[in-house]
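So the protein lines, in turn, are chains G and X.
Once you know that position 9 of the first sequence is 22 in our numbering, the rest is easy, because the numbers rise by one and skip nothing.
Once you know that position 121 of the second sequence is 578 in our numbering, the rest is easy, because the numbers rise by one and skip nothing.
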Amino acid sequence: MFITVTKALLEGFSTTLFLFGVTLLLSLPIGLGISFFAMSKYPLLRYPTRFLIWVIRGTPLMLQLIVIYYGPGIFLKANIWGSGDQGRMVAAIFAFVINYSFYFAEIFRGGIQSIPKGQYEAGEVLGLSKKQIFTHIILLQVIKNILPPISNEVITLVKDTSLARIIAVYEIIWSGQSFIKTAGIVWPLFYTGAFYLLFSGLLEIGFQYLERKLAYFR
Amino acid sequence: MELLKVENLSKAFANTEILKGISFDLKQGETISIIGSSGSGKTTLLRCLTFLERADKGKMILNQNQVYDFEKDTSYETIRKQFGLVFQQFHLFPQYTALENVCLALKLNGAQEAEEKGMRLLEEMGLKEKADFYPYQLSGGQQQRVAIARALALEPEILCFDEPTSALDPELTQEVLRALKNLRAQNKTMMIVTHEIAFARNISDQVLFMDEGRIVEKGSAEEVIDHPKEERTKAFLRHMIG
Numbered sequence: 014m015f016i017t018v019t020k021a022l023l024e025g026f027s028t029t030l031f032l033f034g035v036t037l038l039l040s041l042p043i044g045l046g047i048s049f050f051a052m053s054k055y056p057l058l059r060y061p062t063r064f065l066i067w068v069i070r071g072t073p074l075m076l077q078l079i080v081i082y083y084g085p086g087i088f089l090k091a092n093i094w095g096s097g098d099q100g101r102m103v104a105a106i107f108a109f110v111i112n113y114s115f116y117f118a119e120i121f122r123g124g125i126q127s128i129p130k131g132q133y134e135a136g137e138v139l140g141l142s143k144k145q146i147f148t149h150i151i152l153l154q155v156i157k158n159i160l161p162p163i164s165n166e167v168i169t170l171v172k173d174t175s176l177a178r179i180i181a182v183y184e185i186i187w188s189g190q191s192f193i194k195t196a197g198i199v200w201p202l203f204y205t206g207a208f209y210l211l212f213s214g215l216l217e218i219g220f221q222y223l224e225r226k227l228a229y230f231r
Numbered sequence: 458m459e460l461l462k463v464e465n466l467s468k469a470f471a472n473t474e475i476l477k478g479i480s481f482d483l484k485q486g487e488t489i490s491i492i493g494s495s496g497s498g499k500t501t502l503l504r505c506l507t508f509l510e511r512a513d514k515g516k517m518i519l520n521q522n523q524v525y526d527f528e529k530d531t532s533y534e535t536i537r538k539q540f541g542l543v544f545q546q547f548h549l550f551p552q553y554t555a556l557e558n559v560c561l562a563l564k565l566n567g568a569q570e571a572e573e574k575g576m577r578l579l580e581e582m583g584l585k586e587k588a589d590f591y592p593y594q595l596s597g598g599q600q601q602r603v604a605i606a607r608a609l610a611l612e613p614e615i616l617c618f619d620e621p622t623s624a625l626d627p628e629l630t631q632e633v634l635r636a637l638k639n640l641r642a643q644n645k646t647m648m649i650v651t652h653e654i655a656f657a658r659n660i661s662d663q664v665l666f667m668d669e670g671r672i673v674e675k676g677s678a679e680e681v682i683d684h685p686k687e688e689r690t691k692a693f694l695r696h697m698i699g
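What follows is the structure, given as structure tokens:
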């Protein structure tokens with residue numbers, strides 16, 4: 014039984030990992046882009062972005078999943094997500110990427126604004142372009158500053174993926190729970206915790222490694 | 458030969474006029490010190506010349522033929538290249554070693570032998586053995602000397618210093634002032650905003666005394682510091698020297 018359960022949970026966990034990986038991969042760069050909008054000197058970019066940050070951060074991710082998945086069908090009379098498991102996964106990824114992009118955007122904004130103005134000015138008087146200043150001077154300092162809050166968010170994401178079951182994405186908790194109905198056993202649900210712990214543990218080791226890597230400067 | 462001529466430079470922030478028509482000349486190889494109390498506009502003057510602030514009005518003429526009109530002209534890259542600036546707070550890049558700080562702009566410009574040049578400059582600043590140190594591992598005086606080497610790397614015509622020793626302990630001030638004297642001996646053209654009156658008297662060909670956005674008095678160090686004519690200059694010097 015243990016092996017059957019483990020196999021089933023691993024299958025669910027692969028869905029969890031997929032959702033986690035794709036969300037992370039997309040939301041980090043998108044978040045960086047949003048942070049630039051949020052800091053833009055043009056009010057027409059800045060204010061709508063701030064408004065969206067407020068909406069996305071101010072409502073539960075679970076609700077966002079429901080609105081994004083069911084909303085188009087109800088309001089547009091169209092199923093834009095496609096059918097079946099795949100459609101639900103696409104909708105889940107969409108919701109997670111939006112949610113996490115805006116969270117990351119705020120972390121990037123904080124990190125970028127924490128860099129002293131003098132760093133930019135020193136680059137400017139050396140004749141460097143805005144892009145050179147950002148990529149060669151600012152970015153690494155920002156990464157070092159935001160690593161702790163980013164690692165927090167990433168570990169939260171691991172656990173948040175379980176919310177996707179609200180639109181029937183078969184992630185690991187779904188797999189665990191299904192044994193209650195099919196076999197009348199609850200322990201597989203508890204057992205899912207081990208997968209989360211193991212994975213978040215690995216992530217923490219990874220982040221600690223990165224923090225040590227960047228400890229060479231202050 | 459006149460290297461820089463500044464004419465009627467003006468700058469206001471919101472409704473406060475910080476610079477009210479600044480004019481002066483700087484000859485090739487000259488060192489000019491700008492003294493005056495805080496808020497007199499000294500730093501803003503340097504920041505306008507290096508385009509960190511945008512002056513509202515006025516002109517500058519470089520090498521007697523490159524004219525930049527602050528009111529009309531927009532692109533300033535070629536003019537800016539002729540100025541180097543050393544900041545009060547150094548502003549070294551923390552993730553780069555001393556040598557990397559000096560070489561960064563050279564490398565990004567694709568210059569050959571950037572490292573050799575960087576080493577030469579660090580050696581000149583007495584920091585050869587600190588080349589691989591990161592800024593946080595250096596004293597304030599050492600950091601400021603790295604910053605000077607970094608500014609020198611691009612070989613600007615005019616090297617500007619914005620209170621280069623104001624963030625330093627007295628015992629570290631001397632090593633930076635010595636570095637400036639060495640540059641003076643090499644006939645580098647320099648503009649130094651400073652509160653070190655004795656040093657300014659010692660090193661300067663010209664001294665400008667600024668007050669409330671105007672140049673109140675200018676002339677040789679002897680004229681301005683030893684024999685000031687204006688009441689405001691006298692009051693400032695009395696206060697500074699005691």
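No residue lacks a Cβ here, since even glycine has one placed at the ideal position from N, Cα and C.
As the structure is a prediction and not an experimental result, all values here were calculated from the model.
- Gly-541/X belongs to the set of residues whose beta carbon lies under 8 Å from a beta carbon in chain G.
- By the C-beta density criterion, Thr-17/G is exposed, having fewer than 16 other C-beta atoms within 10 angstroms.
- Comparing C-alpha distances from Leu-629/X to each of Phe-656/X, Gly-598/X, Phe-527/X and His-548/X shows the shortest one belongs to Gly-598/X.
- Counting along the chain, Asn-465/X sits inside the beta strand (DSSP E) bounded by residues 459-470.
- The C-beta distance from Leu-616/X to Leu-640/X rounds to 7 Å, short enough to meet the 8 Å contact threshold.
- For the segment 116-135 of chain G, the set of positions with a beta-carbon nearer than 7 Å to some beta-carbon of chain X reads Gly-131, Gln-132, Glu-134 and Ala-135 in chain order.
- Shown here for Ala-606/X: same chain residues with a beta carbon closer than 6 Å to its own, the five before and five after excluded, namely Val-559, Leu-578, Leu-579 and Met-582 in chain order.
- Rounded to whole angstroms, the separation of the alpha carbons of Tyr-222/G and Ala-655/X is 52 Å.
- The C-beta of Glu-137/G comes closer than 8 Å to at least one C-beta of chain X.
- Pro-551/X places its beta carbon less than 8 Å from that of Pro-592/X.
- Taking a C-beta distance under 8 Å as the contact criterion, Glu-474/X and Gly-676/X do not qualify as a contact pair.
- With respect to the 8 Å criterion, Leu-216/G and Val-171/G are classified as neighbours on the basis of their beta carbons.
- Here the segment 174-190 of chain G lies against the segment 102-110 of chain G, with 3 or more beta-carbon pairs under 8 Å apart.
- Of all C-beta pairs linking the segment 190-203 of chain G to the segment 105-124 of chain G, fewer than three are shorter than 8 Å, placing the two stretches out of contact.
- Among the CB atoms of chain X, one or more fall inside 8 Å of the CB of Gln-145/G.
- Phe-31/G and Gln-132/G have their C-alpha atoms spaced approximately 39 Å apart.
- A distance below 7 Å between beta-carbons, with the five flanking residues on each side excluded, links Ile-150/G to the following residues of its chain, in chain order: Gln-132 and Gly-136.
- A straight line joining the alpha-carbon of Leu-202/G with that of Thr-19/G spans about 11 Å.
- Under the Cβ criterion of 8 Å, Tyr-229/G is counted among the residues facing chain X.
- Interface residue (Cβ-Cβ distance to chain G less than 8 Å): Gln-552/X is classified as such.
- For Val-110/G, the three-state secondary structure derived from DSSP is helix.
- Shortest Cα-Cα distance from Thr-646/X to any of Phe-470/X, Tyr-525/X, Lys-484/X and Lys-462/X involves Lys-484/X.
- Each of Ala-624/X, Leu-556/X and Lys-587/X was checked against the Cα of Glu-573/X, and the nearest Cα belongs to Leu-556/X.
- Contact between Val-633/X and Arg-602/X holds: their C-beta atoms lie close to 6 Å from each other, under 8 Å.
- By the beta-carbon neighbour count (other beta carbons within 10 angstroms, threshold 16), Ser-142/G is exposed.
- Residue pairing for Tyr-525/X: DSSP places it in a beta bridge opposite Met-517/X.
- Between Phe-693/X and Gly-486/X, the C-beta gap is not smaller than 8 Å, which leaves the two residues out of contact.
- Counting only runs of at least 4 residues, the segment 543-568 of chain X fully encloses the following alpha helix (DSSP H) elements, listed from N- to C-terminal order: 555-565.
- Contact annotation, Asp-619/X with Leu-503/X: C-beta distance approximately 5 Å; criterion of less than 8 Å satisfied.
- Scanning its chain for C-beta atoms nearer than 6 Å, with the 5 sequence neighbours on each side dropped, one finds around Ile-649/X the residues Ser-490 and Phe-618, in chain order.
- Cα atoms of Ser-213/G and Lys-587/X: separation of roughly 41 Å, rounded to the nearest angstrom.
- At a C-beta separation below 8 Å, Leu-466/X has no neighbours in chain G, since its nearest C-beta there lies roughly 18 Å away.
- For Leu-476/X, the beta-bridge partners assigned by DSSP are Lys-468/X.
- For Phe-208/G and Phe-26/G, the gap between their C-alpha atoms comes out near 8 Å.
- Bounds of any beta strand (DSSP E) do not take in Thr-531/X, whose DSSP letter is neither H nor E.
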